[in-house]
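Undergrad: My structure is below; once you've seen it, I'll send some questions.
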Amino acid sequence: QLGVSCTTLSSALSYLLCAPRVAQALARDSAWAPLSFLVPVSAHGQPLRALALTWLLSQAVLLTGTVDLLAPFVSGLFLLAFTLINLFCFVASLSRPNFAPKLRVHAKLVSLLGFILSFLAMTAALSASLAMTIASCALLLLL
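Residue numbers for the sequence shown follow full-length UniProt numbering, beginning at 1 and rising by one.
See below:
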């Protein structure tokens, strides 16, 4: 019981610290226009707007009252994040010849394969995840 609690707390704190920086990096790279308001940082370089957005989303999740309802959506969102990161790397490697992510091994086909596999896993997971995936893709197409 104690191990599960410590692991949960550790994961929650790491996500709370990493998620704002990932959102700010996507905004800074102009990967998705609605995130552009997350670019400014504090005087010490902290992404305060992205942190506030992360905190608000976390509070909205906590207010649902049960984690079992959210598990398919969280899984779908992680797979959506992996899908979009692979898609962005693939598109950037096609459109900009000097694109070089900070990975030891990078190939266009690896990004394409990662995109395809993440998308297939995202759509095949659960019916709730499938509905969330379709809604997310529709939202991305509209924006």
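Ideal Cβ positions, reconstructed from N, Cα and C, are used throughout, including at glycine. Bear in mind the structure is a predicted one, so any value in this text is a computation, not a measurement.
Taking the C-alpha atoms as reference points, what is the distance between PRO117 and CYS6?
TA: Pro is not the amino acid found at residue 117; the sequence shown has Leu there. Cα-Cα distance, rounded: 32 Å.
Undergrad: Check for me: the alpha helix (DSSP H) holding ARG28 runs from which residue to which?
TA: Counting along the chain, the alpha helix (DSSP H) containing ARG28 begins and ends at 2 to 28.
Undergrad: Are ALA31 and ALA50 closer than 8 Å when you measure CB to CB?
TA: For ALA31 and ALA50, no; Cβs fall outside 8 Å.
Undergrad: Between which residues of its own chain and LEU35 is the CB-CB distance below 7 Å, once the five residues before and five after are set aside?
TA: Hits under 7 Å: ALA23, LEU26, ALA27.
Undergrad: With three or more C-beta pairs closer than 8 Å as the rule, is the region 79 to 91 touching the region 110 to 124?
TA: Short answer: they touch.
Undergrad: Cα separation between GLN59 and ASN98?
TA: Those two C-alpha atoms are separated by around 40 Å.
Undergrad: Give every residue of the same chain whose Cβ lies closer than 6 Å to the Cβ of VAL39, excluding the five residues on either side of it in the sequence, and list them in chain order.
TA: Within the same chain, VAL39 has close Cβ partners ALA27, ARG28.
Undergrad: Would you call THR54 buried or exposed, if buried means 16 or more other Cβ atoms sit within 10 Å of its Cβ?
TA: The residue is buried, with at least 16 neighbouring Cβ atoms inside 10 Å.
Undergrad: Let me confirm a value: PRO101 is counted as buried when at least 16 other C-beta atoms fall within 10 Å, else exposed. Which label applies?
TA: Exposed.
Undergrad: If you check the beta carbons only, do ALA121 and LEU79 fall under 8 Å apart?
TA: Yes, the pair counts as a contact, with Cβ atoms nearer than the cut-off.
Undergrad: Cβ-heavy atom distance between SER111 and the ligand COA below 7 Å?
TA: The ligand COA is absent from the structure shown, which contains no ligands of any kind.
Undergrad: Can you check which of these residues, PHE73, VAL67, PHE90, VAL110, is closest to THR123 by C-alpha distance?
TA: Out of PHE73, VAL67, PHE90, VAL110, PHE73 has the C-alpha closest to the C-alpha of THR123.
Undergrad: Given a threshold of 16 other Cβ atoms within 10 Å of its Cβ, counted over all protein chains shown, does CYS18 qualify as buried or as exposed?
TA: Classification of CYS18: exposed, given that the 10 Å Cβ count is below 16.
Undergrad: Specify, as a first and last residue, the run of the alpha helix (DSSP H) that PRO72 falls within.
TA: Start and end: 71 to 95.
Undergrad: Note down the Cα distance separating LYS108 from ALA92, rounded to an integer number of angstroms.
TA: Straight-line Cα distance between these residues: approximately 9 Å.
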